[in-house]
Amino acid sequence: MGRVKIGILYDMPRWEEKNLIEEGKKLGYQVTTIYSKDFVLFSNEFNIENDVNLFIQRNISHNRALITSFLVEQLGYPVINDHMTLIRCENKIFTTYILAKHNIPTPKTFIAFDKTNAMEYSKKLGYPVVIKPVEGSWGRMVAKADNLDVLYSYLEYQEFSTQKYKDIYYIQEFVNKPNRDIRIFVIGDETPVGIYRVNENNWRTNTALGAKAYPLKIDEELKELALKVKDIIGGFFLGIDIFEDKDRGYLVDEVNGVPEYKNTVRVNNFNISKFLLEKAVEWVKK
-2 MGRVKIGILY DMPRWEEKNL IEEGKKLGYQ VTTIYSKDFV LFSNEFNIEN DVNLFIQRNI
58 SHNRALITSF LVEQLGYPVI NDHMTLIRCE NKIFTTYILA KHNIPTPKTF IAFDKTNAME
118 YSKKLGYPVV IKPVEGSWGR MVAKADNLDV LYSYLEYQEF STQKYKDIYY IQEFVNKPNR
178 DIRIFVIGDE TPVGIYRVNE NNWRTNTALG AKAYPLKIDE ELKELALKVK DIIGGFFLGI
238 DIFEDKDRGY LVDEVNGVPE YKNTVRVNNF NISKFLLEKA VEWVKK
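Using the numbering used here, count along the sequence shown one by one with no gaps and you end on 283.
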């Protein structure tokens, strides 16, 4: 293969993208960055390097990530993660129902296509309920409704929002978990690292909303669950969010196909970028 050349697809250079470049160079790889906003695409040609061994998808925008992964795949390049994995991850409906079909424990969830059904089945599910956008991250527009009046306000707000799926209601039970959740990373066929995300001030445990990261000791049950999720969802590099329920045990909440990991590296002193690059190169050489 000669000197390995890796392309990084991105739309905003965060810590993770900069660290991937730095660690790639330390490993002796040639790293090229592809700024997605500079793409001008024709159906019979494509303005990217033609000798890249693999691409790593790092776009923040789900739309850019999905389309750029699809395009480089059509040209025969391997990409982490492929577009079908991104579809299964970023659309919460797809994630939840695919996992449930394969008997992965998840929070009780229903989908409604109008407000009347959303309110009726929320009553059957039992308050409080959590309403989430079908696509989105960082806890944005995720809300807890303690009663019908509050739920109606959220449903009405969503109806007149600019959400892509504003007329589809994704409603979930409120899981009475500790003031934390779990983020575990799968890289290839390994689960090398994870964190607890603890929030003392908000029931939402996203680090973007103030949760603090703490090291996670990965037990065999967690490892087995995470690898099952990876086998079902696909992909090579996933961040899996898991709740702890006192009666049901671990519940898989969401799966991220372009996960951030700065805080995980910081609290675990584990080099995710280096591990990912080495495992990715091993994979592409097979």
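Even glycine gets a Cβ: it sits at the ideal position worked out from N, Cα and C.
Report back the beta-carbon spacing between residue i and residue j to the nearest angstrom; my notes put them in contact at under 8 Å.
i: Tyr167; j: Thr106; result: 7 Å
i: Thr92; j: Glu251; result: 6 Å
i: Asn253; j: Gly236; result: 4 Å
i: Ile181; j: Phe234; result: Contact flag wrong, Cβ pair sits at about 12 Å.
Which one of the options has the shortest CA to CA distance from residue i?
i: Leu273; options: Ile237, Leu72, Pro189 and Ser119; result: Pro189
i: Leu6; options: Thr30, Leu24, Glu156 and Asn266; result: Thr30
i: Lys23; options: Tyr32, Ile3 and Ser40; result: Ile3
i: Gly257; options: Ser33, Val131, Ser58 and Tyr32; result: Contrary to the premise, residue 257 reads as Glu rather than Gly in this sequence. When each option's Cα is compared against that of Glu257, the closest is Ser58.
i: Val37; options: Val49, Glu14, Thr65 and Arg180; result: Thr65
i: Lys163; options: Asp228, Tyr247 and Val131; result: Val131
i: Asn265; options: Leu222, Lys214, Ser40 and Tyr94; result: Lys214
i: Thr159; options: Val172, Gly133 and Leu219; result: Gly133
i: Ile186; options: Pro102, Leu222, Phe171 and His80; result: The question names Ile, yet the displayed sequence has Asp at residue 186. Per the Cα distances, Leu222.
i: Glu153; options: Leu68, Ala115, Val172 and Phe182; result: Ala115
i: Lys209; options: Phe67, Glu218 and Val195; result: Val195
i: Asn41; options: Ile18, Lys34 and Leu68; result: Leu68
i: Val147; options: Lys161, Lys120, Arg137 and Asn16; result: Lys120
i: Asn88; options: Tyr118, Ile165 and His99; result: Ile165
i: Ile18; options: Glu241, Lys271 and Val255; result: Lys271
Using the Cβ count rule (16 or more neighbours within 10 Å means buried), how would you classify residue i?
i: Gln71; result: exposed
i: Ala62; result: buried
i: Phe52; result: buried
i: Phe110; result: exposed
i: Arg55; result: buried
i: Thr113; result: exposed
i: Pro10; result: exposed
i: Tyr32; result: exposed
i: Gly246; result: exposed
i: Glu20; result: buried
i: Asp228; result: exposed
i: His80; result: buried
For residue i, is the beta carbon positioned less than 7 Å from some heavy atom of the ligand ADP?
i: Leu222; result: Among the ligands in the structure shown, none appear at all, so the ligand ADP cannot be discussed.
Going along the chain, which residues of its own chain have a beta-carbon closer than 6 Å to the beta-carbon of residue i, five neighbours each way excluded?
i: Trp135; result: Asn203 and Ala205
i: Phe267; result: Val190
i: Ile269; result: Tyr258 and Val262
Can you find the residues in the same chain that come closer than 7 Å, C-beta to C-beta, to residue i, ignoring five residues on each side of it along the sequence?
i: Trp12; result: Lys259
i: Pro212; result: Ile192, Val264 and Asn265
i: Asn144; result: Tyr124
i: Phe171; result: Pro125, Val126, Val127 and Lys141
i: Ala97; result: Thr103
i: Asn50; result: Met(-2), Val1, Lys2, Ile3 and Val281
For residue i, decide whether its Cβ has a neighbour in chain B, counting only Cβ atoms nearer than 8 Å.
i: Thr188; result: Considering every chain present, this structure includes no chain B. It has just one protein chain.
Once you ignore the five residues that flank residue i on each side, which residues in its own chain have a CB closer than 8 Å to its CB?
i: Asp48; result: Lys2
i: Arg0; result: Gly25, Tyr26 and Gln27
i: Ile95; result: Arg85, Ile229 and Ile230
i: Glu218; result: Gly246 and Tyr247
Three or more C-beta pairs closer than 8 Å, one from the segment 194 to 202 and one from the segment 171 to 179: is that the case here?
With a cut-off of 8 Å, the segment 171 to 179 and the segment 194 to 202 count as touching, because enough Cβ pairs lie within range.
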